[in-house]
Amino acid sequence: MACLLPLFIWWGCKAVQNQFVQPQAILVLGGSSRLLEREKFTAKLAHQYPNIPIWISGGSPPQYTKKIFTSAGIDPQRLNLDYEAVDTVTNFTTLVDELRSRGIKSVYLITSDFHMRRASIVGEIILGSRGINFKPVSVPSDNSPEPMQKSIRDGARAVIWVATGYTGANHVKNKQ
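For what it's worth, the numbering used here labels the leading residue of the sequence shown as 17, then goes sequentially.
Structure (structure tokens):
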């Protein structure tokens with residue numbers, strides 16, 4: 017337990033620090049249902065932050081995503097759509113270096129409430145490895161939180177990616 021105390025203190029300090037950093041972009045993890053909850057939620061949120069870009073990793077086909085944002089009055093020039101990701105880990109690994117190269121040091125992280133624990137663990141490792149902070153913003157749903165095993169598995173995959181560049185996406189995809 018004593019060796020976990022520094023980890024909890026560090027994590028608590030990061031959480032407090034993140035409250036004072038103004039995000040420079042919105043990062044949406046795709047994968048919501050056919051109702052496009054995450055995209056619709058983000059379109060509403062984007063009105064509060066009219067000068068920051070929106071990155072969407074995976075998710076709905078581009079024409080549907082663009083239509084939601086255009087209908088909400090969001091300039092489509094703000095959208096950066098990325099369809100390389102195949103899962104939660106690659107949602108981060110496919111974009112983290114692009115975000116960093118653009119000087120982005122903090123993002124709003126948007127995903128469904130049931131998925132936020134896993135996304136936060138993976139984001140802390142992958143975004144954190146490039147000095148990028150995030151503020152989690154959960155999209156409400158009626159779903160129960162994901163099993164802790166998924167968070168542990170993807171957290172380990174994120175650590176492996178930081179160390180080796182390997183995501184293990186093909187291995188996980190074949191097991192599911």
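Cβ atoms here follow ideal geometry from the backbone N, Cα and C, with glycine treated the same way.
In the DSSP assignment, find the alpha helix (DSSP H) that holds residue i and state where it starts and stops.
i: THR127; result: Per DSSP, THR127 belongs to no alpha helix (DSSP H); it is in the beta strand (DSSP E), 122 to 128.
i: LYS81; result: In the sequence as displayed, the identity of residue 81 is Thr instead of Lys. From DSSP, the alpha helix (DSSP H) with THR81 extends over 78 to 87.
i: GLU114; result: 112 to 117
i: ARG54; result: 53 to 62
i: PHE108; result: 104 to 109
Since residue i sits in a beta bridge, which residues does DSSP pair it with?
i: TRP71; result: LEU43 and ASN96
i: ASN149; result: SER122
i: SER167; result: Note: SER167 sits in no beta bridge, so no partner.
i: SER157; result: None; SER157 has no bridge partner.
What separation, rounded to the nearest whole angstrom, lies between the Cα atoms of residue i and residue j?
i: SER167; j: TRP71; result: 23 Å
i: ALA172; j: ARG118; result: 27 Å
i: SER122; j: ALA135; result: 15 Å
i: ASP113; j: GLY147; result: 11 Å
i: SER128; j: VAL175; result: 23 Å
Whose CA, out of the options, lies closest to the CA of residue i?
i: ARG54; options: ILE126, LYS151, ASP103 and TYR182; result: ILE126
i: TRP177; options: THR106, ASP158 and PRO77; result: THR106
i: TYR182; options: LEU97, ILE142 and PRO152; result: ILE142
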